[in-house]
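Down below is the structure, laid out as structure tokens.
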Amino acid sequence: MQTLVSQSGIALENLELLRQQRELMESLIRLIAGAIDTKSAHTGAHCARVPELARMLAEEACHVQKGPLASFSFQTEDEWTEFRIGTWLHDCGKVTTPEHVVDKATKLETLHNRIHEIRTRFEVLLRDARIAQLEGVQQGGDPAALQAAYEARRARLMADFALVAECNIGSESMPVEQVARLKEIGAQTWMRHFDDRLGLSHDEESRLEGVPAPALPTRETLLQDKPNHIIARTEAQRYDPRYGFKMDVPDHLYNFGELYNLSIERGTLTAEERYKINEHIVQTIVMLDQLPFPPNLSRVGEYAGTHHETLTGTGYPRRLDERQLSVPARIMAIADIFEALTASDRPYKKAKRLSEAVRILASFKRRRHIDGDLFDLFLTSGVYRRYAERYLAPSQIDDVDIRDYVGA
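Read in order, the letters of the sequence shown correspond to residues 4 to 411 in the numbering used here.
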């Protein structure tokens, strides 16, 4: 009897130890997600809200009795735990995304907004024009004509800089004519007298190896795409083919060329920077692949790493299609998009009203970017409104007639 009591005590201690280990693991997972949300104001509380919204929709999906979702359910607590961990870790790869890329508010921004450097070059050209005017007067030229020429040059430079500054904002699409005008402006030259190779970091110096230094003073164009603006992509920054990633990888890691950036057709991100941001999901998959998850948590990586895929195979990073996307993965996609649309704590965008967010999700449904049955359930179950009442500002919550979208 004493032996049985002793064994029972040991068993209870082991169960308690397992419980404590499980709590520690989930606490660490929440800690990572919280750190990602804290790291950037651009993610707000995304990593904490997506798991809650995904849980709400998953619970409703488990109760469906007929239709395509009738066969879906989480049968055990382990399955719920697996899904919950996947939702909390769905953006863990963002710890590798540079802040200056995530926070890029203008086209010329790197760690600072380079529009100030370009404005200084315009100042040099304006001062050159003023000097030319004064020298002309000194040499006996017509003061009135010289003043008129200076004022015309000044007006032209002011207009040119205004266009460059407008292009830098990146809020609208760039027409071809504007890009052509930008190149004309950028082709103007100014005289540089100072050595631009002084005070450089080792990294900057390495990018100038093999590039001959011009004799000073030297003429340079107003807007430049220099060889040292290009940051090479190394082999270490390419991924093992076994992961099956099918993203179009730019040749370079970054391209800081001034004309190259100012000519971005829409928004502020170059192809290289957009890839770097999208790469967070690649990093999520690679990071989670390194963890020795037990069999009961083997699908954590799947749930965390598929929320940017679409039913049509046009998503990323693996271009999976509906045959390869599980119901939990499809739930994650809806939760991720809806939270991003309605978040009010992102400094780079205005939060959508509830009706706007639903309308946008409906357009995703029509294009088969998200699962139509889950979207309909999202509306008919009231999940969208319960989430809104808990997390959205009162000013965001307006009327939504779900009859316009359900089954459409």
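Just so you know, even glycine gets a beta-carbon here, dropped at the ideal spot from N, CA and C. As the structure is a prediction and not an experimental result, all values here were calculated from the model.
- Taking 8 Å as the cut-off, the Cβ atoms of H310 and A336 count as close.
- Non-local beta-carbon contacts of A332 in its own chain, meaning distances under 8 Å to residues more than five positions away in sequence, involve E305, Y306, T309, H310 and E312 in chain order.
- Each of M161, E275 and F259 was checked against the Cα of D251, and the nearest Cα belongs to E275.
- With respect to H232, F197 sits apart: the two C-beta atoms are not nearer than 8 Å.
- Distance from the CA of T345 to the CA of D407, rounded to the nearest whole angstrom, comes to 20 Å.
- T221 and R195 have their C-alpha atoms some 5 Å from each other.
- Going by C-alpha positions, S74 is about 8 Å away from V67.
- Counting of Cβ neighbours within 10 angstroms places T123 among the exposed residues, the total staying below 16.
- Secondary structure of E63 (DSSP, three-state): helix.
- The continuous beta strand (DSSP E) containing H255 extends over residues H255 to N258.
- Bounds of the alpha helix (DSSP H) holding E180 are V179 to G189.
- Annotation: the continuous alpha helix (DSSP H) that includes R393 extends over V386 to Y394.
- Boundaries of the alpha helix (DSSP H) harbouring R133: I118 to Q141, taken from the DSSP string.
- Within the stretch 223 to 279, the runs of beta strand (DSSP E) that reach at least 3 residues and sit entirely inside it are, in chain order, 233 to 235 and 255 to 258.
- R371 and G318 have their C-alpha atoms roughly 11 Å apart.
- Comparing alpha-carbon positions, the option among Y387, K69, P101 and F77 lying closest to H283 turns out to be P101.
- Between E154 and W193, the CB-CB gap reaches or exceeds 8 Å.
- By a beta-carbon distance limit of 8 Å, D379 contacts V409. Their separation comes to about 5 Å.
- The beta carbon of A360 sits closer than 7 Å to those of F341, L344 and T345, all from its chain and outside the five residues before and after it, given in chain order.
- In this structure, M161 is the residue among Y394, M161, K110 and L262 with its C-alpha nearest to the C-alpha of A132.
- With the rule of 3 Cβ pairs closer than 8 Å, the stretch 285 to 295 counts as touching the stretch 83 to 100.
- About 15 Å separates the beta carbon of E261 from that of I172, a gap too long to meet the 8 Å contact definition.
- Judged by beta-carbon spacing, K69 lies beyond the 8 Å limit of I267, meaning their Cβ atoms are not closer than that value.
- Taking A190 as the centre and dropping the five residues before and after it, the same chain places the C-beta of T224 closer than 7 Å to its C-beta, in chain order.
- In this structure, the beta-carbon distance from S384 to E112 does not fall below 8 Å.
- A218 and D199 have their C-alpha atoms roughly 11 Å apart.
- The Cβ-Cβ distance between E55 and R302 does not fall below 8 Å.
- Within the DSSP secondary-structure output, D324 pairs in a beta bridge with T315.
- For the pair R159 and A135, the Cα-to-Cα distance works out to about 16 Å.
- Taking 8 Å as the cut-off, the Cβ atoms of R356 and D401 count as close.
- Pairing R269 with S366 gives a Cβ-Cβ distance that is not under 8 Å.
- Of the other Cβ atoms in all chains shown, 16 or more fall within 10 Å of the Cβ of P320; this residue is therefore buried.
- As DSSP reads the structure, W193 sits in a beta bridge with E223.
- V105 sits away from I234, with the two beta carbons spaced by 8 Å or more.
- For S366, the uninterrupted alpha helix (DSSP H) segment begins and ends at L357 to R369.
- Take the alpha-carbon of A165 and the one of H49: they are about 37 Å apart.
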